[in-house]
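Just so you know, the sequences run in chain order G and V. The first sequence runs 1 to 83 under this note's numbering. The second sequence runs 84 to 458 under this note's numbering. Every residue gets a Cβ at the ideal spot worked out from N, C-alpha and C, and that includes glycine. Worksheet for the structure shown next.
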Amino acid sequence: AYPLDGAARGQDTSMELVQQYLENYYNLPKDAKQFVRRRDSGPVVKKIREMQKFLGLEVTGKLDSDTMEVIHKPRCGIPDVGD
Amino acid sequence: FTTFPNMPKWRKTQLTYRIVNYTPDLPRDAVDSAIERALKVWEEVTPLTFSRLYEGEADIMISFAVGEHGDFYRFDGPGNVLAHAYPPGQGIYGDAHFDDDEQWTMETAGTNLFLVAVHELGHSLGLFHSANMEAVMYPLYKSLTDLAQFRLSQDDVDGIQSLYGSPSDDTPVPTKPVPPTHEPLAMCDPALSLDAVSTLRGEVLFFKDRHFWRKSFRTHELEFHLISSFWPSLPSDLDAAYEVTSKDTVFVFKGNQFWGVRGGEVQAGYPRSIHTLGFPPTVKKIDAAISNKDKKKTYFFVEDKYWRFDEKRQSMEPGFPRQIAEDFPGVDTKIDAVFEAFGFYYFFSGSSQLEFDPNAKKVTHILKSNSWFNC
Numbered sequence: 001a002y003p004l005d006g007a008a009r010g011q012d013t014s015m016e017l018v019q020q021y022l023e024n025y026y027n028l029p030k031d032a033k034q035f036v037r038r039r040d041s042g043p044v045v046k047k048i049r050e051m052q053k054f055l056g057l058e059v060t061g062k063l064d065s066d067t068m069e070v071i072h073k074p075r076c077g078i079p080d081v082g083d
Numbered sequence: 084f085t086t087f088p089n090m091p092k093w094r095k096t097q098l099t100y101r102i103v104n105y106t107p108d109l110p111r112d113a114v115d116s117a118i119e120r121a122l123k124v125w126e127e128v129t130p131l132t133f134s135r136l137y138e139g140e141a142d143i144m145i146s147f148a149v150g151e152h153g154d155f156y157r158f159d160g161p162g163n164v165l166a167h168a169y170p171p172g173q174g175i176y177g178d179a180h181f182d183d184d185e186q187w188t189m190e191t192a193g194t195n196l197f198l199v200a201v202h203e204l205g206h207s208l209g210l211f212h213s214a215n216m217e218a219v220m221y222p223l224y225k226s227l228t229d230l231a232q233f234r235l236s237q238d239d240v241d242g243i244q245s246l247y248g249s250p251s252d253d254t255p256v257p258t259k260p261v262p263p264t265h266e267p268l269a270m271c272d273p274a275l276s277l278d279a280v281s282t283l284r285g286e287v288l289f290f291k292d293r294h295f296w297r298k299s300f301r302t303h304e305l306e307f308h309l310i311s312s313f314w315p316s317l318p319s320d321l322d323a324a325y326e327v328t329s330k331d332t333v334f335v336f337k338g339n340q341f342w343g344v345r346g347g348e349v350q351a352g353y354p355r356s357i358h359t360l361g362f363p364p365t366v367k368k369i370d371a372a373i374s375n376k377d378k379k380k381t382y383f384f385v386e387d388k389y390w391r392f393d394e395k396r397q398s399m400e401p402g403f404p405r406q407i408a409e410d411f412p413g414v415d416t417k418i419d420a421v422f423e424a425f426g427f428y429y430f431f432s433g434s435s436q437l438e439f440d441p442n443a444k445k446v447t448h449i450l451k452s453n454s455w456f457n458c
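Shown next, in the form of structure tokens:
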């Protein structure tokens, strides 16, 4: 069953939010492809894991509720990992 | 903890800072005090010192801005990004920017400026983010239930000392309290006059403009603070202050209002009008005040007269005002401040101070107003 449009749209918004967050703070390249064949790999999933580890969350690689909650929290605008 | 890539750090220990503009959310004094206290947090664990500039280019330029503000990192409206800062270096480096779309506060509600400033100034000194959730350099904002409990975590201290070391042992410990360079008036200026003086739990507070000196007779230490750093809601340029030890309260006066302060807390229900104490409407302000704990009487000095207030009955006594010079012979000038120590009353008038013996009813010494400052 395919998710209803709304849900899909919601998921897209969350995905955009996460993508933006990872680009801002975890050096995710701007053109990173969202997912590749194996769902638990790919640059975005790797960065989600990196973010979850840095911020003290359970490292699932998934956009669970804790992760989404943290992404909405007020913070400093400086990246968490550098170059 | 982490430091910025390539570990940029200041190559000197005496740094300058400048508050370029202010947020409309807070009184300027409160912003001054938040930044001063945030810098002091890092100063206390490193050899670094910070002096304030009021114009020109400082190492750390502190400003408030909204949206696009001239660097490549626009702010994003309320929430999310609160502020950002740049690692040590020339120009924009070292600077700290605060998003003025946030509601900046001195309390735990809203976004506490002091807490965010400690974090951002950590960046200005070269610290990057920490994964330690207890660290002030952890990227997510965390308010505190009790700001007085704020402490750097060991992770923060380890981080900043990895860059600058600890307060170096060979720094000559100043034998005399060195007045901060931004001190509006050098405390040893022979022309120094004071606004108000009060005891507080065995110490003495000497108020001047926006600041006060805090003298401990036990340790002979002398500290210098912004009034707003202890009591953000109190005004500056006070008229008078006195302690009622039986209430463990200092009463602070400015214009026709007064506040009750217990320790670090301004008591609820203040400010009140001075006329609630029993002054006639003709009295617009008082010049000085002192409370005698043995007699349970408080003396209010207004120009050349004084009133006496009965602390037990909580009312002004009949038969007042009286001429000051009649009951305090030799005290015949307008008084700026007064306090009691070692059984003497010390009356301050301009740059002079009169030591008055209330038993002998005479002036026993004439001193400089700053004679208590170990000059």
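- Hey, residue 148/V and residue 200/V are a contact pair by Cβ (cut 8 angstroms); roughly how many whole angstroms apart? On the second sequence, position 65 is the one that residue 148/V refers to. On the second sequence, position 117 is the one that residue 200/V refers to. The pair is not a contact, with the Cβ atoms about 15 angstroms apart (cut-off 8 angstroms).
- Item | CB contact check: residue 99/V to chain G, cutoff 8 angstroms | The residue given as residue 99/V occupies position 16 in the second sequence. Not closer than 8 angstroms to any Cβ of chain G, the Cβ of residue 99/V fails to qualify, so no.
- Query: In chain order, what residues of the same chain lie with their CB nearer than 8 angstroms to the CB of residue 100/V, ignoring the 5 residues before and after it?
  - Reply: If you number the second sequence from 1, residue 100/V lands on position 17. Contacts found: 118, 122, 133, 134, 135, 136, 141, 142, 143, 144, 145.
- Consider the Cβ of residue 88/V: report whether some Cβ of chain G lies at a distance smaller than 8 angstroms. If you number the second sequence from 1, residue 88/V lands on position 5. It does: the Cβ of residue 88/V has a partner Cβ on chain G nearer than 8 angstroms.
- Uninterrupted alpha helix (DSSP H) stretches inside the stretch 176-231 of chain V (no shorter than 4 residues): 196-207
- Closer than 6 angstroms by C-beta to residue 85/V: which residues in its own chain qualify, once you throw out the five before and the five after it? Chain order, please. On the second sequence, residue 85/V is found 2 positions in, with the first residue counted as 1. Contacts found: 211.
- Query: What residue range is occupied by the uninterrupted alpha helix (DSSP H) comprising residue 114/V?
  - Reply: Sequence index remark: in the second sequence, residue 114/V carries index 31 (1-based). Where residue 114/V is concerned, the enclosing alpha helix (DSSP H) stretches over 111-126.
- Tell me whether residue 382/V sits in a helix, a strand or coil according to DSSP, three-state version. Counted from its first residue, the second sequence places residue 382/V at position 299. Strand at residue 382/V.
- Message: Assuming the contact rule is C-beta atoms closer than 8 angstroms, residue 184/V and residue 153/V should be a hit. Round their C-beta distance to whole Å, please.
- Response: On the second sequence, position 101 is the one that residue 184/V refers to. On the second sequence, position 70 is the one that residue 153/V refers to. Not really, about 16 angstroms apart at Cβ, beyond 8 angstroms.
- Proximal residues of chain V, C-beta to C-beta of residue 70/G below 8 angstroms: Your numbering for residue 70/G matches position 70 in the first sequence. 223, listed in chain order.
- So is residue 206/V buried or exposed if we call it buried at 16+ other beta carbons inside 10 Å? Walking along the second sequence from the start, residue 206/V turns up at place 123. Looking at its Cβ environment, which holds 16 or more other Cβ atoms inside 10 Å, residue 206/V is buried.
- Message: Can you give me the C-alpha to C-alpha distance between residue 359/V and residue 417/V, rounded to a whole angstrom?
- Response: Locating residue 359/V in the second sequence gives position 276, where the first residue counts as 1. Locating residue 417/V in the second sequence gives position 334, where the first residue counts as 1. Their backbone Cα atoms lie some 24 angstroms apart in a straight line.
- Task: Pull up the distance between the alpha-carbon of residue 442/V and that of residue 411/V, whole angstroms please.
- Result: Here residue 442/V corresponds to residue number 359 of the second sequence, with the count starting at 1. Here residue 411/V corresponds to residue number 328 of the second sequence, with the count starting at 1. The straight-line gap from Cα to Cα measures roughly 10 angstroms.
- Query: residue 306/V to residue 297/V, Cα distance in whole Å?
  - Reply: Taking the second sequence and counting its residues from 1, the one referred to as residue 306/V is at position 223. Taking the second sequence and counting its residues from 1, the one referred to as residue 297/V is at position 214. So the alpha carbons of these two residues sit roughly 5 angstroms apart.
- Message: Taking 8 angstroms as the cut-off, does the stretch 276-291 of chain V touch the stretch 102-112 of chain V (at least 3 CB pairs, one atom from each stretch)?
- Response: no
- Following the continuous beta strand (DSSP E) through residue 408/V, name the residue where it begins and the one where it ends. Within the second sequence, the letter at position 325 stands for residue 408/V. From DSSP, residue 408/V is part of no beta strand (DSSP E) but of the alpha helix (DSSP H) over 407-410.
- Item | Alpha carbon of residue 282/V to alpha carbon of residue 330/V, nearest angstrom | Residue numbering aside, residue 282/V sits at position 199 when the second sequence is read from its first letter. Residue numbering aside, residue 330/V sits at position 247 when the second sequence is read from its first letter. In a straight line, the C-alpha of residue 282/V is about 13 angstroms away from that of residue 330/V.
- Cα-Cα, which of 17/G, 27/G, 18/G, 53/G is closest to residue 78/G? Within the first sequence, the letter at position 78 stands for residue 78/G. For residue 78/G, the nearest C-alpha among the options comes from 27/G.
- Once you ignore the five residues that flank residue 337/V on each side, which residues in its own chain have a CB closer than 6 angstroms to its CB? Counting from 1 along the second sequence, the entry for residue 337/V is found at position 254. The residues are 318, 321, 322.
- Partners in chain V for residue 55/G, counting only beta-carbon separations shorter than 9 angstroms: Numbered from 1 along the first sequence, position 55 holds the residue referred to as residue 55/G. Going along chain V in sequence order, the residues near residue 55/G (Cβ under 9 angstroms) are 214, 216, 221, 222, 223.
- Message: Considering only their Cβ atoms, is the gap separating residue 221/V from residue 74/G smaller than 8 angstroms?
- Response: To locate residue 74/G, count along the first sequence from 1; it is residue 74. To locate residue 221/V, count along the second sequence from 1; it is residue 138. Contact flag unset, no.
- Query: Just how far apart, CA to CA, sit residue 433/V and residue 188/V?
  - Reply: Within the second sequence, numbered from 1, the residue matching residue 433/V stands at position 350. Within the second sequence, numbered from 1, the residue matching residue 188/V stands at position 105. So the alpha carbons of these two residues sit roughly 37 angstroms apart.
- Message: Let me check understanding here. Comparing Cα to Cα, which of 131/V, 127/V, 120/V lies closest to residue 92/V?
- Response: Here the question's residue 92/V lines up with position 9 in the second sequence. It is 131/V whose Cα lies nearest to the Cα of residue 92/V.
- Item | Residues, ordered as in the chain, of the stretch 113-133 of chain V that lie near chain G by beta-carbon distance below 9 angstroms | none
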